[in-house]
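In UniProt numbering, the protein residues as written are 1 to 199.
For every residue, glycine included, the Cβ atom is placed at its ideal position computed from N, Cα and C.
For clarity, every value in this text was computed on a predicted model and none was experimentally measured.
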Amino acid sequence: MFSRQRSAPEPLPESQPSATTGADNLNQGKGRPTPRRSQAEAARKRPLVPSDRKAAIRAQRAAAKDKREREYRAMQTGDERFMPARDRGPVRRWIRDYVDARRNLGEYFLPVALLMVFSTFVTAGNPTAGVVVILVMYTIVLITIVDAVILSRVLKRRLADRFGAEVPRGSRMYGVMRAFQIRRTRLPRPQVRRGEYPA
1 MFSRQRSAPE PLPESQPSAT TGADNLNQGK GRPTPRRSQA EAARKRPLVP
51 SDRKAAIRAQ RAAAKDKRER EYRAMQTGDE RFMPARDRGP VRRWIRDYVD
101 ARRNLGEYFL PVALLMVFST FVTAGNPTAG VVVILVMYTI VLITIVDAVI
151 LSRVLKRRLA DRFGAEVPRG SRMYGVMRAF QIRRTRLPRP QVRRGEYPA
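1. With the cut-off set at 8 Å, would you say Gly175 and Leu155 are in Cβ contact?
2. Taking the C-alpha atoms as reference points, what is the distance between Gln60 and Glu69?
3. Is it right to say Ala148 is buried, meaning 16 or more other beta carbons lie within 10 angstroms of its own, or is it exposed?
4. Are the beta-carbon atoms belonging to Leu114 and Thr144 less than 8 Å from one another?
5. Among Val99, Asp79 and Thr185, which has the Cα closest to the Cα of Ile150?
6. If you draw a straight line from the alpha carbon of Thr185 to that of Ala160, how long is it in whole angstroms?
7. Using the rule of at least 16 other Cβ atoms within 10 Å of the residue's Cβ for burial, across every protein chain shown, is Phe121 buried or exposed?
8. Going by other Cβ atoms of all chains shown within 10 Å of its Cβ, with 16 needed for buried, is Pro127 buried or exposed?
9. For Thr20 and Arg36, what's the separation of their Cα atoms in angstroms?
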């Protein structure tokens with residue numbers, strides 16, 4: 001008489017999956033056998049030394065030669081896609097154009113220095129002329145250094161105005177070293193004429 005009538009169990013909602021469905025998924029597996037450890041390691045292994053070493057060396061040399069030729073053509077034409085990494089980018093391009101548009105004293109240093117060395121041999125019998133040649137040579141060296149310092153400061157100011165904080169390290173030295181090269185021997189080749197300064 002104290003017992004209550006038990007109600008029928010409530011059906012599960014349709015959105016909730018039953019427990020049997022999850023068990024079935026666990027029992028299905030991935031459809032292929034798990035490889036053994038030795039098989040997995042063998043699949044990852046690659047030979048450190050190729051079977052035909054001579055052919056591999058020839059292929060490596062040919063690839064390196066093609067890369068050098070492609071970089072040299074890019075240095076001649078100004079195509080930055082195939083230039084070495086140190087010459088790529090808008091900052092390096094701007095520096096090259098600015099240095100090539102400027103008449104630098106450093107580009108005349110090597111010919112003048114060779115002339116001075118030749119003059120010391122010519123004036124070896126005349127001490128006074130030898131001293132004059134040496135003084136002229138040191139004067140040229142000093143003037144060239146001053147011109148390089150001026151170029152470095154100008155590049156620092158103009159690069160900061162043009163590119164802000166995007167200037168990589170070594171950019172000023174890149175421009176100074178280019179200024180000491182003879183214009184005809186510069187690589188990448190100059191793409192501007194004298195006086196055509198970049199904006």
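Considering the structure as presented:
1. Closer than 8 Å, so yes.
2. 14 Å
3. buried
4. no
5. Val99
6. 29 Å
7. Exposed, since its Cβ has fewer than 16 Cβ neighbours within 10 Å.
8. exposed
9. Legend: pLDDT at Thr20 = 49, less than 50; position of this residue unreliable, no value from coordinates given.
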